[in-house]
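Number 379 in my numbering belongs to position 142 of the sequence shown; there are no gaps in the numbering. Yeah, the Cβ is synthetic: ideal placement off N, Cα and C, and Gly gets one too. Working notes, beginning with the structure itself.
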Amino acid sequence: MRTIGHEATWNALDRAFRDDRLAHALLFTGAPGIGKALLAVDFATRILCRGEAPPCGDCNRCRQVEARTHPDLRLIGLSEGKKEIGVDTARDIKRFAQMHGFGGDAKIVIIDEAHRLSIAAQNALLKTLEEPPGRALLILVTESPGALLSTVRSRCQRIVFRPLDDEHVRSVLRHHKLDDDEIDRLLPIAQGSPGRALALRELLAEPDIELLQRTVAGLRPGQYGPAVEFAGALGRTEQEMTARLALLEELMQQQLVEALRAGRTREFADAELRRLAVLSDARVLLRRRNPNRPLLAEATAIRLGAISGHDF
Ligand SMILES: [Zn+2]
238 MRTIGHEATW NALDRAFRDD RLAHALLFTG APGIGKALLA VDFATRILCR
288 GEAPPCGDCN RCRQVEARTH PDLRLIGLSE GKKEIGVDTA RDIKRFAQMH
338 GFGGDAKIVI IDEAHRLSIA AQNALLKTLE EPPGRALLIL VTESPGALLS
388 TVRSRCQRIV FRPLDDEHVR SVLRHHKLDD DEIDRLLPIA QGSPGRALAL
438 RELLAEPDIE LLQRTVAGLR PGQYGPAVEF AGALGRTEQE MTARLALLEE
488 LMQQQLVEAL RAGRTREFAD AELRRLAVLS DARVLLRRRN PNRPLLAEAT
538 AIRLGAISGH DF
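Below you can see the structure in the form of structure tokens.
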């Protein structure tokens with residue numbers, strides 16, 4: 238196994254596979270960026286590998302998985318620019334799962350970001366999830382299992398992934414060639430998620446981050462101009478907005494902790510908590526399908542402004 242920090246989960250899955258009692262459909266849940274999809278691919282490699290200590294990483298099959306060309310493995314995710322995984326993809330999965338494995342064994346399908354499956358796609362998969370033909374294995378990976386139909390969830394065995402402890406996050410970040418100073422700065426805001434740390438690192442390096450901080454500080458009750466500026470600084474795409482809202486939340490949380498340590502007033506803490514709630518509302522709304530993003534950004538700015546100025 239190459240995934241870091243989920244040894245117990247790996248061992249349990251490995252044991253179930255060896256004892257031939259692995260469920261046909263698995264639902265991997267847990268925070269984003271902690272290695273759920275990586276472990277799913279590792280586990281698929283383990284199943285397909287014919288080396289001595291699977292996954293050996295060296296045999297033909299392991300190399301095919303690595304190159305994403307193994308005929309018995311299909312990796313599904315959200316296509317670039319798409320909001321959801323549609324019913325056509327679900328029908329493809331169904332057909333694929335019904336075929337006989339190339340190497341005489343399992344067909345494996347990994348659906349990353351499974352909460353992006355449309356309702357029609359989820360319904361189209363029900364039968365496949367219920368009684369996968371042959372020896373197909375479906376692994377659904379998601380940070381938002383609540384967005385899946387209960388009929389989908391009930392057909393899967395749920396595997397819950399916990400955030401990593403700091404030492405594991407550190408070793409993943411070292412793999413990504415980050416130096417210790419940078420890792421020390423990122424660890425407090427990583428929340429056990431190396432993926433989150435890497436995303437925040439990229440964001441913190443952006444020149445736009447200063448603009449974001451400046452515009453949030455400029456928000457005032459009833460003033461529309463600064464609100465529009467802040468909304469612009471939040472970005473346009475869902476990814477940009479989600480990341481920047483998360484970063485603002487982090488910065489405010491840190492500020493709150495420091496303020497409380499320094500003995501600042503209760504009033505400040507109350508206002509800060511209300512601002513945090515506004516940011517978190519915005520992030521939840523963003524995750525729903527097709528919100529009007531510019532409108533959401535402005536509404537968020539106005540709500541933040543109403544709480545009074547923010548001194549970054
Ligand atoms: Zn191998």
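Does the distance between the C-beta of residue i and the nearest non-hydrogen atom of ligand 1 fall short of 6 Å?
| i | result |
| --- | --- |
| C296 | yes |
| G288 | yes |
| P308 | no |
| C393 | no |
| P528 | no |
| P382 | no |
| P269 | no |
| P292 | yes |
For residue i, name the three-state secondary structure that DSSP assigns.
| i | result |
| --- | --- |
| R372 | coil |
| Q460 | coil |
| F549 | Low confidence applies here, because F549 scores a pLDDT of 48, under 50, leaving its location unreliable; read the following figure in that light. Coil. |
| R258 | coil |
| T388 | helix |
| S428 | Reading off the sequence, residue 428 comes out as Gln, not Ser. Three-state result, Q428: coil. |
| F398 | coil |
| R311 | strand |
| I241 | coil |
| L377 | strand |
| I345 | strand |
| I271 | coil |
| I420 | helix |
Within the same chain, show all residues whose beta-carbon is closer than 6 Å to that of residue i, passing over the 5 residues directly before and after it, in chain order.
| i | result |
| --- | --- |
| A253 | L259 |
| R392 | A262, L366, E367 |
| T240 | G272, L275, L276, D279 |
| E477 | none |
| F549 | Model confidence at F549 stands at a pLDDT of 48, short of 50, so the residue's coordinates are unreliable; what they give is reported in the following sentence. So the list reads Q450, A454, once near-sequence residues are dropped. |
| Y461 | none |
| T452 | E466, F467, A470 |
| R332 | none |
Between residue i and residue j, is the Cβ-Cβ spacing less than 7 Å?
| i | j | result |
| --- | --- | --- |
| A268 | D349 | no |
| I630 | A249 | Outside the displayed span of the chain (238 to 549) sits residue 630, for which this structure offers no information. |
| R511 | I544 | yes |
| R298 | L312 | no |
| R438 | I420 | no |
| P382 | G429 | no |
| A436 | L423 | no |
| L310 | A334 | no |
| R520 | L482 | yes |
| A358 | V302 | no |
| L410 | P431 | yes |
| L354 | I322 | yes |
| L440 | A480 | yes |
| L497 | V515 | no |
| R372 | A343 | yes |
Counting only the same chain and skipping the five closest in sequence on each side, list residues whose C-beta sits under 7 Å from that of residue i.
| i | result |
| --- | --- |
| G546 | Unreliable placement is indicated for G546, whose pLDDT of 49 sits below 50; the coordinate value is still reported in the next sentence. Closer than 7 Å at Cβ, skipping near neighbours: A454, L456, R457. |
| L532 | none |
| P528 | L522 |
| E535 | A464, V465, A468 |
| H243 | G272, L276, F398 |
| R390 | L264, P382 |
| G288 | D295, C296, C299 |
| T388 | L363 |
| R395 | L264, T266 |
| G472 | M478, R481 |
Write down the C-beta distance between residue i and residue j rounded to the nearest angstrom, noting that I regard them as a contact closer than 8 Å.
| i | j | result |
| --- | --- | --- |
| H352 | A384 | 4 Å |
| A470 | L488 | Not quite, the Cβ-Cβ distance comes to about 14 Å (not below 8 Å), so this is no contact. |
| R283 | P292 | 5 Å |
| I345 | L386 | Rounded, the Cβ-Cβ distance is 22 Å, inconsistent with contact. |
| E509 | Q492 | 7 Å |
| E475 | R525 | Between R525 and E475 the Cβ distance is about 11 Å, and since that is not below 8 Å, they are no contact. |
Could you tell me whether any non-hydrogen atom of ligand 3 is closer than 6 Å to the CB of residue i?
| i | result |
| --- | --- |
| E317 | Absence of ligand 3 from the depicted structure is noted, with ligand 1 being the only ligands included. |
Once the 5 residues before and after residue i are set aside, which same chain residues still bring their CB inside 8 Å of it?
| i | result |
| --- | --- |
| I356 | L386 |
| T246 | L276, I396, F398 |
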